[in-house]
Each structure stands twice: as structure tokens, then as C-alpha cells.
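S.K.: When the letters of the sequence shown are read in order and numbered with the numbering used here, they come out as residues 96 to 847. Beta carbons are placed, not taken as given, at the ideal position from N, Cα and C, and that holds for glycine.
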Amino acid sequence: MRGVEVAVATATGLLSYGVPIGLTAQLLPGMRVRVPVRGRLHVGVIWREAAVADLDCPASKLRPLDTVLDDTPLLPEPLLRALAFAAKYYQVPIGQAMRLALPGPLRRTGVKGDQVPTKTRWMVGRIDGLEWPTDLKKAERRVLERVLAQGEVSAGDLRRASDPLTGGFKRIAVPQRLLASLAERGLVRLWEEHVRRDPLGMRKPVPPEPAPAPTEEQIEVLAALYQALKARKYGGFVLRGVTGSGKTEVYLSLIERALAQGRGAVVLVPEIALTPQLVHRFRARFGDQVAALHSGMSDGERLDQHGRVRSGEARIVIGPRSALFAPVFDLGVIILDECHDPSFKQQSGLRYHARDLALVRARESGAVCVLGSATPSCEEMVLVGSGRLQLLEMIRRVANRPMPESFVIDLKEAERLPDPDDDQRPSLLSVPLRDAIADTLARKEQVILLHNRRGFATTVVCAGCGDAVECPECAISLTWHKRQARLRCHYCDHTVDRDQPCRQCSGRNFLRVGTGTERIEHTLAEQLPGARIARFDRDTATGQRMLDTLQRFRDRELDVLVGTQMLAKGHDFPAVTLVGVLLAETGLRVPDFRASERTFQLLTQVAGRAGRGERPGQVLVQSWAPEHPAIMSALRHDHPSFVAEELERRRVGGYPPYAHLALLETRHTDQQRALAGARTLAEGLKSHGADIRGPVAAGVSKLRGVFRFHVLIRSGHRPTLHGQLKWARSVAQGALPPGVQLFVDVDPGDFS
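(1) Taking DSSP as the reference, what is the three-state secondary structure of threonine 261?
(2) The beta strand (DSSP E) that contains proline 513, what's its start and end?
(3) Name the residue from Glu240, Thr310 and Val455 whose alpha carbon lies nearest to the alpha carbon of asparagine 495.
(4) Under DSSP, the beta strand (DSSP E) around glutamate 760 begins and ends at which residues?
(5) Could you say if the segment 768-778 and the segment 497-509 meet the contact criterion of at least three C-beta pairs nearer than 8 Å?
(6) For alanine 181, verify whether its CB is less than 7 Å away from any heavy atom of the ligand SAM.
(7) Taking the continuous beta strand (DSSP E) assigned at leucine 544, which residues delimit it?
(8) Nearest by alpha-carbon distance to alanine 368: which of Leu837, Glu172 and Met661 is it?
(9) Looking at the secondary structure, which residues open and close the beta strand (DSSP E) in which cysteine 464 lies?
(10) So, lysine 781 versus glutamate 366, is the Cβ gap smaller than 8 Å?
(11) For the putative contact between valine 479 and leucine 324, defined by C-beta atoms under 8 Å, what is the C-beta separation to the nearest angstrom?
(12) In the DSSP output, which residue or residues are listed as bridge partners for isoleucine 413?
(13) Do alanine 679 and glutamine 717 have their C-beta atoms closer together than 8 Å?
(14) Distance, Cα to Cα, glycine 98 vs valine 163?
(15) For the candidate residues Arg633, Val671 and Cys152, whose alpha-carbon lies nearest to that of aspartate 650?
(16) Spatial neighbours of glutamine 441 within its chain, please: C-beta separation below 6 Å, excluding the five flanking residues on both sides.
(17) Determine the direct distance from the alpha carbon of histidine 783 to that of threonine 815, and round the result to whole angstroms.
(18) Please classify threonine 167 as buried or exposed, where buried requires at least 16 other C-beta atoms within 10 Å of its C-beta.
(19) Give me the Cα-Cα distance between aspartate 517 and leucine 524, rounded to the nearest whole angstrom.
(20) Going by beta carbon distance, what residues of the same chain come within less than 7 Å of glutamine 696, once the five residues before and after it are set aside?
(21) Could you give the distance in angstroms between the alpha-carbon of leucine 195 and the alpha-carbon of glutamate 568?
(22) Do glycine 336 and leucine 484 have their C-beta atoms closer together than 8 Å?
(23) In three-state terms, what does DSSP make of proline 168?
(24) List the whole-angstrom C-beta distance separating glutamine 210 from arginine 216, where the pair is believed to meet the contact cut-off of C-beta under 8 Å.
(25) Distance check for arginine 410 and threonine 384, CA to CA, integer angstroms please.
(26) Taking all protein chains shown into account, decide if threonine 618 is buried (16 or more other Cβ within 10 angstroms of its Cβ) or exposed.
(27) Please list, in chain order, all residues of the same chain as tryptophan 227 whose beta carbon is under 8 Å from its beta carbon, the five residues on each side excluded.
(28) Between alanine 146 and the rest of its own chain, which residues show a CB-CB distance below 8 Å, the 5 nearest in sequence each way excluded?
(29) Can you list, in chain order, the residues of its chain whose CB lies under 7 Å from that of arginine 405, leaving out five sequence neighbours each side?
(30) In whole angstroms, what is the alpha-carbon distance linking aspartate 394 and arginine 762?
(31) Less than 8 Å between the beta carbons of aspartate 165 and methionine 126, yes or no?
(32) Would you kindly report the start and end of the unbroken beta strand (DSSP E) that includes alanine 102?
(33) Would leucine 512 and arginine 529 be called neighbours here (beta carbons separated by less than 8 Å)?
(34) When the Cα of valine 219 is compared with those of Gly199, Asp252 and Asp230, which residue comes out closest?
(35) Is leucine 452 helix, strand or coil by DSSP?
(36) Per the DSSP calculation, arginine 50 is bridged to which residue(s)?
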């Protein structure tokens, strides 16, 4: 007898099943099967096939699997091995790791209401050589004439009118039963065909673009990458290239070489906003071999793109971190563009870091992995120093364009503009920055302004009692959005009407404190009435609106974009010659040991948007603390010096990469229970010799009605840390108060 071990999302480990005697198909790892679990059918993935005697289940208790859903493996074996690593390293069941590679539609059983969201259309085709009956109805005759003229046509097109000026056809009001009747009488062929949905307009042709002549630095970098690719062995690289040095062209050339070897590629970007731009550029080079995968797609769109990748029709996948798990067979290249970006760390579910799993998947696939950035993280540079990754550098911009000149505006001294909505205090916009914007627009050039706070006023305070208006579900102040005339929580999206009285004193006189992007946009419009200004943040840049705003700016229909950190990542606007940063130290106020590094990276990245075309660029950075090392290093574009100083600070403080961290989080709707659970964990870990901090309330102590407490574990020895985590999950979790949930975050990237 044969058996299989199956990874199922609802199970804590691999489940064993017998293979029915009548099932003669070859069962291979990576194929989906439908199996019974606790009285219900679920979809799982075969992890291995073995003799029943070798399974961890007595033959008498072995239930048979229900159905095999695939003829060939859905997931390549190197990907399965990477998922097994992820499950072990991030302390989650293997079934939860499997979900990363299996989109929701492919986990549906197909039984009863649990159907896969396929999209089909009915097609009608002619049958030649038949005589038409004399008793045809008018509608039937019109259908036959149309089908005879076109050979085959969809039922939907029959019901749509064509342009009569071009010899088109009129609309035919034809029900499905009429088509079925014609097919039964043998007058037409009727069949159903799959329709591929079209995310990002990917079925529209893109004019091909020839590869530009490479720079000397690109030639040198590509020589090293080509050599690694030719060896068909794992190779890990950090590509440190200044903004505008042509890193994307390196990616394109490397992938072109991989395709020539018959291999595929995965390209990861930090933001969905960058996906359409990069997809367009890749399609201009590689045509329909490009697929896109991201969370902004519908289930059906993801299913269709996934199918293109599985079939080999698309050999290149582009998307945010989840695209790493696309089923690319014979994977040759993995790219992480802007690899330093914190969005590559998943903050819920299986809290993986895409950078680390990209290196693992490349190792398992014998592929080349390139981590590209102008500002690689300290962890990445330590991997270079230890010899685990190889450093490649491009220190000059394409065509030897100069780096933008950078200047600081000290807000303690600079004159600031009046705030049109508040007579009591000045705006955050300084007069020098306003004048620089006006000069830039007078030259018919474009401006980007960065302010990493959304909304109009970041906090609203009662003038009577001083109480801040907070979200009832989250321990966070509500943000005032003037255009919507609503107060909004940026965590749970709870909104409050502006006329709601104060919860403490019932007063209705509120002060709107702090400045968000909406307020900056309004102030700038008052100062420069002829300027065409738009915002680019989570409130305005979603879905198609996001794409439209970027395209309008690229087409020079807008003069100024005011936005959050979404603007800093990878965009290429040749006409932008001025970048302004409204408050450089915003990120320095976060209680996170990476605050300085992230501020340096953000400032360096947004500065790199200036001067990418023929005209030189300029960067103006407003700050209350212009002497801070992170700000000064960013103004000098000096990554090596910043990293050296930052690593020394972390070595002295005992922070990563010189120590390993894990964050344990307890949650409950009752605050005292959540705290009691955290205390239980802390006491147990202390008794096992763990070096812990806490318990403390999370940075956002209440989120969507649930209280959260943190216990931080630190260790200089990774295996020791993982042993302590294993104890916490297997032993301590059972001692938590009823209803308390435990979440584990290995190598945490966020402490909020």
C-alpha cells in the first residue's frame, strides 16, 4: 500500500493518508489533493509519498485521500523546501507556510459552494456544408448569418452592437436557450472557454524598447552576475547602486540571460504602486512572458496569473513580497528591488522576511539572488562583511548625471508661511522651500514634497478639557480629514463625525493640531494658486486612482506631488528637479532601534527622485534637528559612513545584527487577561534563562478592540533563541489564561 503526507492549512503538522487502490496516477510532491479533516474536506499539498509502513500513522487508522486535483505538481520542490524552512524558522505549522504559495482560489475544494472563481464565456461556431431549415425564426437566422460571416463569435459579442460604418453587425437579443437549440439541431457548435482576466491592462500591447548601451559599471556588475548564473549554483549578491545608476537595467539584462538558459525569474518590489511601472518596463523588453501577482488583484485575477506561471507561459513574475512564492519552475534569478524597505517584512500571520526567504529559495533552486538598493540595511552589509553575500557597487548615475545638491532648512530659524486654516500658529512650510518650489515651477519643472503624515490634522484636542479624540477600538488618536469632514483611525478605519461631542466634557470646541499631507496641499494651493497639485498617500492613491495620478504626473499634467513615503520608492520622473522634505526627523521619534537607519534610508531614497533627467536636481530638507547623524549622512549621500557608525552603536547596545530578537505578543479583549498571559510567558522564560524585556503594552496597546502586550527575547545565539521559542509555544502556551492568543515574531521589524 502507498501513502502520502499532506500539508493542510488547518492542521498543526503533516497529515498522513492512504492512497486508494483504484488510484493509479503518479503522486508527486507539490500536487494538490482533497482530503478529509475533522469531518470536512480540505485542499492540501502532497509533501511526500511513502510506503504506509513508513508513515507516522498506523495503517488501521489511515484514512484514504479523497481526490487528486492536479495532473502535475503545482509547486516546484525547491519551493516546498523553502516553505519547510520558513515553517521551522518562524515557528509555525507547515500548513500555514503552505498557504503562502497557494492562493485562496487554489485552496477551494470545488464541493458545493466552495468553488474556484473561474471565468468562462460561451462561444458559437459555424458548421459548414449544412442546409438551413426553412422554418427558422428571425433571431435564429440572424445568429447563423453572423456566425457564418465570422466563423466563431462569443455569445456576449452577439449581444453587443458593432459600428455599422465599418460594416459591423447589429445587436442580437439572443437568449442562451436559443443558442442551445441551434446546437442541438446541429446548426452551430456551442462550447465554453476559459477567459483570462486582465490585471494592470496586461493584455494591451506595449511597444518594444531596445536595451540601452550599458555603462562601464553595469558591464562590470553584469560580468559577475553572468558568471554566477552560468554556474547554475546559488549566488547571493548585494547591489549597492546610487539612485539613478541603472539598477533596473542590470535586472533586465540578468533576466534576459536567464531566459536564454530556459530559466525563470521573480522580481520583488516594496510597494504595489511600483508594480505597474515595473511591469510596463519589463513587458517592453520581454512581452507576454511577464506576470504580475499582488494583493490588490481579485481572486480570479490572481488565479489566472498563477496559471500562466504554472504553465510556463509567463517566466517572469513581478510583485510585492508574496510574489516570492510564485510557482516558477527552474528558477534562475530572484531580485529584491529596494531590498532595505521594511515592507518586505510580513507583519501578520507567518511573519516572514522576504529578503531572508528569497535567499533560501535561491539556495534551494541553485539561483542567483540580487538584493538591490542605494541604501542596503545594516543586516545586509554585515552579511557582506561575513562573506555570505558578495557586494557589487555602482557609484555613478547613468550618463554621469550629478547627484542632487542637498541643503537643510533649520526650522528653528527659518521664516514659515502662515497657515490659512489656523491664525494662531504658522504652517510647516517654510518661506525658502515655498520660494524654491515657485522657481522650479517657473522653469516648467516638477516638484515632489515628502511628509510622512496623512490627513489634515494629525491630532484633534478638545479646547475645553484638553482630551485628545481617540479611536474607541484602538489606542490611537484620530486624524482629521478635511475634504471628507471626518475623523479617521488609520489602523482600523473607524470614522467619527466632526460634530460628535467630547467624550470627557461633552464640549464641541476642538483644536486641530499637527500637519498632514492634506493640510500641506491646501497651504501650498493658497501660496501658489496657479500650480497643479495632487496628493499621493493611502487616502488618495489606491487602485486605479493611484495609477492615474502617477501617469498624470509622468505626463506633466501635474506640477507638484505631495505625499508620504510611497513617493520615495523607485519612481522615475525625469522632470522632477526639486524634492522637499517637510519634517525630516518624523521617523526619529519612533521607539525602535532602527529609527535612525530608516530615516536615513527614506531621506536618501526620496532625494534620489530629483535630477534623474537632463537637468540637475536639488533637495531641501526641513528639520528641527538638522545636526542629527542620520540627516547629515543622507544629505551627503554617504551610506558607508552611516552604516559604520550605526553598526558601532548597535554593537554597543546589543541590537541586531549583533544579537537575535523575537517578539511574543499576547492578545485578549480583556486587558487584564492579556497582561496576565504576558506575565506568565515572561516568568517562564526567565526560569529557562532567557534574556527578556517586558511585559510592556504594545506601541498601539489596543487594536480593533483587542489589548496587546509584548515580551521581547534577546539572545546572542540563534539556536538558543529558537529553543526558548519552542518551549514558549509548546509548554507555556497551554498555561495562558483562557482565550489569550499568542503570536510569535522572529526577527521583528516593527514594535508597534
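M.R.: On the basis of the coordinates in this document:
(1) In the sequence shown, counting from the first residue as 1, residue 261 sits at position 166. With a pLDDT of only 47 at threonine 261, under 50, the local geometry of the prediction cannot be trusted, and the value read off the model is given with reservation. If DSSP states are grouped into helix, strand and coil, threonine 261 belongs with the helices.
(2) The count along the sequence shown starts at 1 and reaches residue 513 at position 418. From DSSP, the beta strand (DSSP E) with proline 513 extends over 511-514.
(3) The sequence position of residue 495 within the sequence shown is 400, counting from 1. The shortest CA-to-CA distance from asparagine 495 to any of Glu240, Thr310 and Val455 is the one to Thr310.
(4) Taking the first residue of the sequence shown as position 1, residue 760 is located at position 665. Segment 755-763, the beta strand (DSSP E) holding glutamate 760.
(5) Taking 8 Å as the limit for Cβ pairs, the verdict is that the segment 497-509 does not touch the segment 768-778.
(6) The ligand SAM is not among the ligands present in this structure, which contains no ligands whatsoever.
(7) Mapped onto the sequence shown, residue 544 falls at position 449. It spans 541-545 - the beta strand (DSSP E) in which leucine 544 sits, taken as one unbroken run.
(8) Numbered from its first residue, the sequence shown carries residue 368 at position 273. That would be Met661, whose Cα lies nearest to the Cα of alanine 368.
(9) Here residue 464 is taken as the residue at index 369 of the sequence shown, counted from 1. Per DSSP, the unbroken beta strand (DSSP E) holding cysteine 464 starts and ends at 463-468.
(10) Taking the sequence shown and counting its residues from 1, one reaches residue 781 at position 686. Taking the sequence shown and counting its residues from 1, one reaches residue 366 at position 271. For the 8 Å CB-CB criterion, lysine 781 and glutamate 366 do not form a contact.
(11) Translated into positions along the sequence shown, residue 479 becomes position 384. Translated into positions along the sequence shown, residue 324 becomes position 229. About 20 Å; that fails the 8 Å criterion.
(12) Taking the sequence shown and counting its residues from 1, one reaches residue 413 at position 318. BP columns for isoleucine 413 point to Val362 and Ala387.
(13) Along the sequence shown, read from residue 1 onward, the residue named residue 679 stands at position 584. Along the sequence shown, read from residue 1 onward, the residue named residue 717 stands at position 622. For alanine 679 and glutamine 717, yes; Cβs fall inside 8 Å.
(14) Reading the sequence shown from its first residue, position 3 is the one you call residue 98. Reading the sequence shown from its first residue, position 68 is the one you call residue 163. Whole-angstrom Cα-Cα distance: 13 Å.
(15) For this step, residue 650 is matched to residue 555 along the sequence shown. Checked all of Arg633, Val671 and Cys152; the closest Cα to aspartate 650 is Val671.
(16) For the purposes of this step, residue 441 is identified with residue 346 of the sequence shown, where counting begins at 1. Tyr447, listed in sequence order.
(17) Counting from 1 along the sequence shown, the entry for residue 815 is found at position 720. Counting from 1 along the sequence shown, the entry for residue 783 is found at position 688. In this structure, the alpha-carbon of threonine 815 lies about 11 Å from that of histidine 783.
(18) Position 72 of the sequence shown holds residue 167. Exposed is the call here.
(19) On the sequence shown, position 422 is the one that residue 517 refers to. On the sequence shown, position 429 is the one that residue 524 refers to. Answer to the nearest angstrom: the Cα atoms are 13 Å apart.
(20) Your numbering for residue 696 matches position 601 in the sequence shown. Listed in chain order, the non-local C-beta contacts of glutamine 696 below 7 Å within the same chain comprise His435 and Thr470, local neighbours out to five positions each way being set aside.
(21) As a first step, residue 195 must be located in the sequence shown, where it is residue number 100. As a first step, residue 568 must be located in the sequence shown, where it is residue number 473. Leucine 195 and glutamate 568: Cα-Cα distance of roughly 29 Å.
(22) Within the sequence shown, residue 336 is the residue found at index 241, counting from 1. Within the sequence shown, residue 484 is the residue found at index 389, counting from 1. Not in contact: glycine 336 and leucine 484 (Cβ atoms no closer than 8 Å).
(23) Walking along the sequence shown from the start, residue 168 turns up at place 73. If DSSP states are grouped into helix, strand and coil, proline 168 belongs with coil.
(24) Here residue 210 refers to the residue found at position 115 of the sequence shown. Here residue 216 refers to the residue found at position 121 of the sequence shown. That pair is no contact at about 17 Å.
(25) To locate residue 384, count along the sequence shown from 1; it is residue 289. To locate residue 410, count along the sequence shown from 1; it is residue 315. This sequence places glutamine at residue 384; threonine is not what is there. When rounded, the distance between both Cα atoms is 5 Å.
(26) Numbered from 1 along the sequence shown, position 523 holds the residue referred to as residue 618. So threonine 618 counts as buried.
(27) In the sequence shown, residue 227 corresponds to position 132, counting from 1. Close CB contacts of tryptophan 227 within its chain, under the 8 Å cut and outside five residues either way in sequence, are with Arg236, Leu239 and Leu282 (chain order).
(28) Stepping through the sequence shown from its first residue, residue 146 is reached at position 51. So the list reads Met96, Arg97 and Gly98, once near-sequence residues are dropped.
(29) The residue you call residue 405 lines up with position 310 of the sequence shown. Excluding sequence neighbours, arginine 405 sits near Leu169 and Pro422.
(30) The residue given as residue 394 occupies position 299 in the sequence shown. The residue given as residue 762 occupies position 667 in the sequence shown. Rounded to the nearest whole angstrom, the CA to CA distance from aspartate 394 to arginine 762 is 30 Å.
(31) The count along the sequence shown starts at 1 and reaches residue 165 at position 70. The count along the sequence shown starts at 1 and reaches residue 126 at position 31. Yes; because the gap between Cβ atoms is below 8 Å, this pair is in contact.
(32) Locating residue 102 in the sequence shown gives position 7, where the first residue counts as 1. It spans 97-103 - the beta strand (DSSP E) in which alanine 102 sits, taken as one unbroken run.
(33) Along the sequence shown, read from residue 1 onward, the residue named residue 512 stands at position 417. Along the sequence shown, read from residue 1 onward, the residue named residue 529 stands at position 434. Result yes, Cβ atoms of leucine 512 and arginine 529 sit closer than 8 Å.
(34) Taking the first residue of the sequence shown as 1, we reach residue 219 at position 124. Valine 219 has its Cα closest to that of Asp252, out of Gly199, Asp252 and Asp230.
(35) Here the question's residue 452 lines up with position 357 in the sequence shown. DSSP, reduced to helix, strand and coil, places leucine 452 within a helical segment of the structure shown.
(36) The structure shown has nothing for residue 50, since the chain only spans 96 to 847.
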